[in-house]
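Taken in order, the sequence shown gives residues 507 to 644; the numbers are from the numbering used here.
Glycine included, every Cβ here is placed at the ideal spot set by N, Cα and C.
Keep in mind it's a predicted model, so treat the numbers as computed, not measured.
Read through the structure below, which is laid out as structure tokens, and then see the notes.
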Amino acid sequence: MRFHPDHHHRRSIRLQGWNYSQAGAYFVTICTQDRECLFGEVADGEMLLNDAGRIVADVWSLFPGGRFPTVDIDEYIIMPNHMHGIVLLSERNVGAQFIAPHLGAMTSGIATQSMTSGIATEAQGAIHRAPTLGASEH
């Protein structure tokens, strides 16, 4: 199913007045461009990750500790054209700059893997914008 902005437009569910850069648990959804199924398929009620889906899972698992000690993850699930996850920010003022590098890592891995599989690369816009915490609404 292709994403059509005129048909699939949703209003923001952000809490008015909430500072999304402060500590807390945040439910995030990251979608592929045009909702293209790049991460695998569902068969018999089970998600089967392809190479790109496994790259996303590997990169997502890098969040806890290490380079970003104030960022942790809880549950997450990868679907054919998007993923959901819970990001835990343990300190104030951690901001979105900690999220963007990992999306770059996801797309770099997918771009490298795509040379042989035909998956759209970052340069073609498969995944090209990092979400930001506390960004103004569109």
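Nearest residue (CA-CA) to E597, options H510, S518 and G530: Looking at the Cα atoms, G530 is the closest of the given residues.
Sub-9 Å separation of L555 and I579 beta-carbons: no
DSSP beta-bridge partners of T535: H590
Opening and closing residue of the beta strand (DSSP E) in which D580 lies: V577 to I584
Three-state class that DSSP yields for A529 in the structure shown: coil
Burial state of L521 (16 or more Cβ within 10 Å): exposed
Spatial distance of I583 from H590 (CA atoms): 5 Å
Start and end residues, beta strand (DSSP E) containing G546: Element bounds for G546: G546 to A549.
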